[in-house]
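Undergrad: Got a structure for you, questions after.
In the numbering used here, the protein residues as written are 264 to 644.
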């Protein structure tokens, strides 16, 4: 019994590391364009093949935008289910301490939002985790009902947005002149004050992704319950279904991004991308099964074990590289340079994680969270 469990956990760490590094492939475009969200969208006034720079950025965004956030949300759901199973085995009340863990995550997310990056995902995931924790306790039928309700609402809402777009309403990142000036020339303290004073506006994506996050968390819960990450034949079959259905359906849907005019940018990121996330999950799991000796898996496994630390560190590194108080490269680099910096940061994080875990059992932020959680447990007992 021990061997399948160890393999399953290793696969989860690898997938988590893959997801964390992939999220940087999305966020780095915001950093490199000094906070201008329009860098994440296709220009409605020109075709994407107008220049090699535009071609490169569009292809990379097709591959990463929303896909790794979807994968990470699924992996959060898997982690939640593991905590739930652990609680049941030990006879502990649920959600119990998991609520406190989620609150700590929300505080970490707020600090990350305030000090590093306004488009933090930790706060959103913490809130989602609290809601999903109660749904999970109710059983499998309520889980499936909740998935239908939240999934349907999410799709219908974004179809409504698509309808409005085709009727003249434009959804863009807006005029970013003030924001880019702040990140190119402002101090770190000025940037902190900007995030705090525009908190509601900058947290608007939490509303856009709220239903989707619940659906994806619950997807991770069900995948874990069905044995999708086990090393047996049943797990292999489930992963194979995710691979082919996710890619065969997800790729055509995400190709809508290449239609000029920018009409499908929003719906691709928030509706179509998660379908491809399942395909990525199945694809990467298949590669791990077939190419077990690749050294890359060990590096990704270490990164996955330090996922929280690596997520924050990669954003800190981007702040230093692109913002004016650091190296000031924001707005001065082309797509190929941005991709190169992304690759270098990913390599650094994988090496850093491997070296760190030779000397310590947990990443720095994971260790800090464990310490805080331990204090909360003592206070509750």
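Note that CB positions come from ideal geometry on N, CA and C, so glycine has one too.
Hey, residue 567 and residue 276 are a contact pair by Cβ (cut 8 angstroms); roughly how many whole angstroms apart?
TA: 4 angstroms
Undergrad: Are there three or more Cβ pairs, one per stretch, closer than 8 angstroms when the stretch 567-576 is compared with the stretch 622-630?
TA: yes
Undergrad: What are the start and end residues of the alpha helix (DSSP H) that includes residue 516?
TA: 496-517
Undergrad: Less than 8 angstroms separating the beta-carbons of residue 458 and residue 377?
TA: yes
Undergrad: Please state whether DSSP places residue 543 in a helix, a strand or coil.
TA: helix
Undergrad: CA-CA distance, residue 465 and residue 590?
TA: 25 angstroms
Undergrad: In three-state DSSP terms, what is residue 314?
TA: coil
Undergrad: Between the beta-carbon of residue 529 and the beta-carbon of residue 421, is there less than 8 angstroms?
TA: yes
Undergrad: Return the first residue and the last residue of the alpha helix (DSSP H) that residue 586 is part of.
TA: Where residue 586 is concerned, there is no enclosing alpha helix (DSSP H), given that its DSSP letter is neither H nor E.
Undergrad: Between 299, 609, 399 and 473, which has its C-alpha nearest residue 563's C-alpha?
TA: In terms of Cα proximity to residue 563, the closest of 299, 609, 399 and 473 is 609.
Undergrad: So residue 482 is in the alpha helix (DSSP H); what residue range does that whole segment cover?
TA: Where residue 482 is concerned, the enclosing alpha helix (DSSP H) stretches over 467-488.
Undergrad: Pairs of beta-carbons, one from the stretch 537-549 and one from the stretch 574-590, closer than 8 angstroms: are there three or more?
TA: no
Undergrad: Cα separation between residue 324 and residue 500?
TA: 30 angstroms
Undergrad: Under a three-way DSSP split, which group does residue 448 fall into?
TA: helix
Undergrad: With a threshold of 6 angstroms on Cβ separation, who are the neighbours of residue 297 within its own chain once the five nearest residues in sequence on each side are excluded?
TA: 443, 446, 447, 593 and 594
Undergrad: Would you mind giving the Cβ-Cβ distance between residue 300 and residue 439, rounded to the nearest angstrom? I have them listed as a contact below 8 angstroms.
TA: Indeed they touch by this definition, with Cβ atoms about 7 angstroms apart.
Undergrad: Which word fits residue 605, buried or exposed, when buried means at least 16 other C-beta atoms lie within 10 angstroms of its C-beta?
TA: In this structure residue 605 is buried. Its beta-carbon is surrounded by 16 or more other beta-carbon atoms within 10 angstroms.
Undergrad: Evaluate contact between the stretch 466-476 and the stretch 303-318, counting only Cβ atoms and requiring at least three cross-stretch pairs below 8 angstroms.
TA: no
Undergrad: Quick check on the DSSP output: the alpha helix (DSSP H) that includes residue 349 runs from which residue to which?
TA: 330-353
Undergrad: Would you call the stretch 505-524 and the stretch 367-374 in contact, with 3 or more CB pairs under 8 angstroms?
TA: Here the stretch 505-524 does not lie against the stretch 367-374, with fewer than 3 beta-carbon pairs under 8 angstroms apart.
Undergrad: Please classify residue 602: does DSSP put it in a helix, a strand, or coil?
TA: helix
Undergrad: For residue 488, which of 284, 289, 341 and 274 has the nearest alpha-carbon?
TA: 341
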